[in-house]
Structure formats: structure tokens, C-alpha cells
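Q: Everything in the sequence shown is counted per UniProt numbering, starting at 27 for the first residue and increasing by one.
Below: one structure in C-alpha cells.
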Amino acid sequence: AVDISKLRDETGFVTLDSGYKNTGATKSAITFLDGEKGILNYRGYSIEDLAAKATFLEVAYLLIYGELPTQEQYAEFEDSIRRHTIVNEGVRAIFDNFPVNAHPMATLSSLVSALSAFYPDSYDEKGKDDRHIIRLLAKLPTIASWSYKKAQGHPVNYPKNDLDYCSNFLNMMFSLPVEKYEVDPVVASALNTLLILHADHEQNCSTSTVRLVGSSQANLYSSISAGISALWGPLHGGANQEVIEMLEAIKADGGDVSKYIDMAKNAKTTGFRLFGFGHRVYKNFDPRAKIIKKAADDVLTKLGVNDPVLEIAKGLEEAALNDEYFVARKLYPNVDFYSGIIYRALGIPTNMFTVMFAIGRLPGWIAQWKEMRAMKEPIGRPRQIYTGATLRDFVPMEQR
Ligand code: ACO
27 AVDISKLRDE
37 TGFVTLDSGY
47 KNTGATKSAI
57 TFLDGEKGIL
67 NYRGYSIEDL
77 AAKATFLEVA
87 YLLIYGELPT
97 QEQYAEFEDS
107 IRRHTIVNEG
117 VRAIFDNFPV
127 NAHPMATLSS
137 LVSALSAFYP
147 DSYDEKGKDD
157 RHIIRLLAKL
167 PTIASWSYKK
177 AQGHPVNYPK
187 NDLDYCSNFL
197 NMMFSLPVEK
207 YEVDPVVASA
217 LNTLLILHAD
227 HEQNCSTSTV
237 RLVGSSQANL
247 YSSISAGISA
257 LWGPLHGGAN
267 QEVIEMLEAI
277 KADGGDVSKY
287 IDMAKNAKTT
297 GFRLFGFGHR
307 VYKNFDPRAK
317 IIKKAADDVL
327 TKLGVNDPVL
337 EIAKGLEEAA
347 LNDEYFVARK
357 LYPNVDFYSG
367 IIYRALGIPT
377 NMFTVMFAIG
387 RLPGWIAQWK
397 EMRAMKEPIG
407 RPRQIYTGAT
417 LRDFVPMEQR
């Protein structure tokens, strides 16, 4: 890699790379990704190993602090998260005034941004980021569950701190004051796996946004709120909602996948893309999609759920993998292709799929933000090639 910043200072040379397809914006020691070979490691540990053996909070600690926690470190980390799960009632008051049909991602990004108003020490006292890291990890699931409760017309649940991270979230989502609710360990374990698979993915759109906003020394809550907004778009995290809606549309249309393959092959004229297919970096199977596909089979079998869209998804994948358009462009299922099917089996509504992604990605965003600060990176400020008008005279309003 060539460091072109020196070249610019010496010659005025600017590279143009729309979408940063080939531009490295930072050095990072957090996540290794080989898109050609389909490899993904967090801090040197393979995603396959972590998904099978770790808890989400262990992975969060690993990403943020660089090493797997010792038993003592883990106990302290988990305990401090448990003690910060309640969200200030003032934030609740803001939430109460949001419309019942607000998209849960709109609610999430707004309320995370609002947290900075409740914790002014996040911008007043520099260098004390750990408190805010813990607060965010602890409070995001609580805020996320409120959207679901409001949509159901049910009272919100307060966190139960004798439960682990995933079980606590599920309890806040699904328990009702009028009947006993016990978290199904199959559901909690599936959620744990999904959150780990989403926990980091180096310099993707939302993570780059978090680093860019943070590079102006904006506080952690504001930077993460910006990341949540970036994630919402259908070309990024919002794809998981789009995938299920697409699979449902195919089912309602008689289940003929070939028609949709044909539409996607003519994406330029139809404007239709196969959601959950293709990736900026993976030009081979997304290793997360492999794990999620198997998990979808396992979870649906264990829960006794028969979801016809799983068969449609598999049919679509097979048709695409045998089609020269998709083969030539190296378009494979990405992490979002099967994740929605699992979320649905766990009882999570479609409009909350991207919120689930955000809960999973939070440790990655935090780790990348922390790394950016520790490396004292300069403010992010891309250049441009100007294509507008050359200098012209101002025409007063009455002469226009
Ligand atoms: N369906 C049909 N054709 C596609 C698809 C798709 N899903 N994805 C890419 N292509 C085609 C493009 O039309 C283009 O064809 P061309 O060479 O004939 O012009 C070629 O494949 C390359 O696509 P680009 O859009 O240039 O690739 P880019 O790296 O910019 O985009 C992206 C990657 C945004 C993920 C794209 O593949 C896409 O839109 N996929 C669907 C949305 C999606 O699933 N997003 C989730 C990504 S994973 C994540 O963020 C968690």
C-alpha cells in the first residue's frame, strides 16, 4: 500500500475512488477479512470458533479490549453491564412521545443520540470512555425492546439483572405481567450466535461512519447513533428486512424463484436486486452466511417451526449459484440472507431485524471508535473532483 497523503502534500495529487472501493482509510488490529478466501477473524480468532464456543459478551470484550477476558475480567465486565441496563426515565419520556408506528431504527438512533444529553460527561470529560461503553452495551437492548412493546400495545418490561445478556433481552421483549415466561435456551443460544456473527466487519459503511464522526472528537453516543443511521439503509443492515419481504413476495407470487432470478439479472432495467446477495468484499461465500444457513436449519427444527420461506431461500440460493450472471459477478448469499428467517422463528418482528443487527454490531463500532481515538487519527475529510460551474457573476433577484 502506498501512503498517498505525502504525495498530495508534495504534488496536489488527489485519488478519486467513489464508494471507497479500493481506499484504505485506516490501519486496524481488530478484524481480519479475506474476501477471496471467505475468511473472517476477530482479533485472530476465527468466526467459526467464536460462534460455536463463545458468549456474545466475551466477544464484545475481545473486540473492545483486544484479548479474551479472564474469568475475573469477564465477571467484572458482565456485572458492570448488568448494573447499567436501566434507562433514564427522561429518555423514556422522549420515547413515549414517538408515534406507535415509528420504525424501531428511527427510535434507536434518536434515543442513542439523546443519551449524550443525559451523560454530558461524555463530551466534558475526555478519556473516561469506559463508563459510556458499558452504558451503551447495557442500555441498547432495553431501548430496542421498548419499540416492540409499544407496537404490541403492552407495557415495557424493566431489565431483569439475574438473566444473561441474551435472555434479559428476550425477557424484556416477550414476557408479560399476566403470565409466566421462561426464556427458551434454544432461542437464547441462537440469538447469542447471531449477535456474535454480526459483532464486527472491519470498515463497512456503518463502522466507517462511526470512525468518521468520532474523528471530529464527537462523543461516543453521537458517533454510535450515526452508525445506527448508516446501518438502517437497505444496501447495508436494512437488507435483512428486505430479504424477508422479498421471500414473502416470492411466496405470495406462487414461489417461482426463476422469475425473480431473471428480474435480478436485469437489475439495470428492472431496478430489482436479490437482497441478501452480493458483498463489497466477499467474492466467495460469506463465512457468516454458511454458519447462519446451518443455524437456520437447526433452530427451526429444534423449535418445530416450519417456515416455507426457508425452502424458497434455499431454492433461490441454488438457482443463483448455478446461474452465469451470479457466478460471473461472484454474487453469493451474504450474512443477511438467512438471518431474518431465524429472527422470525425467534419471534422477532420483521421491522426489528435491523435493530438486532445493531445490537450485534455495537461492540464492533465501539472497538473501532476506541481504536481510532487511541491511534489519534486525524479528522476524516475526503477530497473531491469539482465538476460544477466556473466563476460567474451574481445576478440580482429582479433580473432573474
Ligand atoms: N442482485 C443482482 N445483481 C447484483 C446484486 C444483487 N443483489 N448485487 C450486485 N449485483 C451486480 C450489479 O448490478 C453489478 O453488475 P454489473 O457488473 O453488470 O454492473 C455487479 O453485480 C457488482 O455490483 P455493485 O453494486 O457494483 O457492487 P458493490 O460492491 O457496489 O455493492 C452490495 C455491494 C451493495 C452489497 C450489492 O451487492 C447489493 O446491493 N446487494 C443487495 C443488498 C444487500 O444484500 N446488502 C447487504 C450487504 S451485507 C451487509 O451490509 C450486512
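Every residue, glycine too, gets a C-beta built ideally from N, C-alpha and C.
This structure is a prediction, so every number in the text was calculated from the model and none was measured.
(1) What do you reckon, are the CB atoms on Phe303 and Pro359 nearer than 8 Å?
(2) Given a cut-off of 8 Å, decide if Pro422 and Asp226 are closer than it, judged by their beta-carbon atoms.
(3) Applying the criterion that 16 or more other CB atoms from any shown protein chain within 10 Å of the CB defines a buried residue, is Ser171 buried or exposed?
(4) Quick one: which unbroken beta strand (DSSP E) runs of 3-plus residues sit fully inside the stretch 44 to 70? Chain order, please.
(5) Could you tell me the distance, in whole angstroms, from the CA atom of Ala346 to the CA atom of Ile287?
(6) Give the range of the alpha helix (DSSP H) segment to which Asp122 is assigned.
(7) For Arg237 and Thr52, which I take to be in contact (beta-carbon distance under 8 Å), what is that distance rounded to the nearest angstrom?
(8) Let's test the definition: count the other Cβ atoms within 10 Å of the Cβ of Gln97 and tell me whether it reaches 16, buried, or not, exposed.
(9) Taking the alpha helix (DSSP H) that His158 belongs to, which residues open and close that run?
(10) Could you tell me the distance, in whole angstroms, from the CA atom of His305 to the CA atom of Leu261?
(11) Using CA coordinates, which residue listed in Arg34, Leu59 and Gly341 is at the minimum distance from Pro313?
(12) Grouping DSSP H, G and I as helix and E and B as strand, with all else coil, what is Phe103?
(13) For the alpha helix (DSSP H) that contains Ser234, what are its first and last residues?
(14) May I ask you to verify whether the stretch 82 to 101 touches the stretch 386 to 404, counting CB pairs closer than 8 Å and requiring at least 3?
(15) Can you give me the C-alpha to C-alpha distance between Arg34 and Arg409, rounded to a whole angstrom?
(16) Tell me Ser72's beta-bridge partners as DSSP assigns them.
(17) Just the Cα atoms here: how many angstroms apart are Ile367 and His129?
(18) Among Glu343, Arg370, Met289 and Leu221, which residue has its Cα nearest to the Cα of Val325?
(19) Can you tell me whether Leu202 is helix, strand or coil according to DSSP?
(20) For Ser135 and Leu221, I'd like the C-alpha separation in whole angstroms.
(21) Taking 8 Å as the threshold, find out whether the stretch 148 to 166 comes into contact with the stretch 242 to 260 through three or more Cβ pairs.
(22) Nearest by alpha-carbon distance to Asn183: which of Ser72, Phe195 and Tyr68 is it?
(23) Just to confirm my understanding: we take residue 427, look at its own chain, exclude 5 residues before and 5 after, and list those with CB closer than 6 Å. What are they?
(24) Hey, out of Glu337, Gly280 and Arg355, whose CA is closest to Phe311's CA?
(25) Does the Cβ of Ala275 lie closer than 7 Å to at least one heavy atom of the ligand ACO?
(26) Rounding to the nearest angstrom, what Cα-Cα distance links Leu162 and Ile169 in this structure?
(27) Please tell me whether, using a cut-off of 7 Å, the distance from the CB of His180 to the nearest non-hydrogen atom of the ligand ACO is below it.
(28) Among the candidates Gly70, Ser234, Ile159 and Ser173, whose CA atom is the shortest distance from the CA of Ile374?
(29) Please report the residue range of the alpha helix (DSSP H) in which Arg399 lies.
(30) Skipping 5 residues on each side, what residues in its chain have a beta carbon closer than 7 Å to that of Ala216?
(31) Check the DSSP bridge columns for Val303 and list the partner residues they point to.
(32) Let me make sure I understand the geometry here. Which of Ala143, Ser44 and Lys175 has the alpha-carbon closest to that of Gly116?
(33) Pick helix, strand or coil for Phe195, following the three-state DSSP scheme.
(34) Please confirm if the stretch 263 to 283 is in contact with the stretch 330 to 342, defined as three or more CB-CB distances below 8 Å between the two stretches.
A: In terms of the structure at hand:
(1) yes
(2) no
(3) buried
(4) 57 to 60 and 65 to 68
(5) 7 Å
(6) Glu115 to Asp122
(7) 7 Å
(8) exposed
(9) Asp155 to Gln178
(10) 10 Å
(11) Leu59
(12) helix
(13) Cys231 to Gly240
(14) yes
(15) 11 Å
(16) Asn67
(17) 20 Å
(18) Arg370
(19) strand
(20) 18 Å
(21) yes
(22) Phe195
(23) Absent from the model: residue 427. The displayed extent of the chain is 27 to 426, so no value can be given.
(24) Arg355
(25) no
(26) 10 Å
(27) no
(28) Ser173
(29) Phe379 to Ala400
(30) Ala321, Val325, Ile368 and Leu372
(31) Correcting the residue type first, residue 303 is Phe in the shown sequence and not Val. Paired residue(s): Pro359.
(32) Ala143
(33) helix
(34) yes
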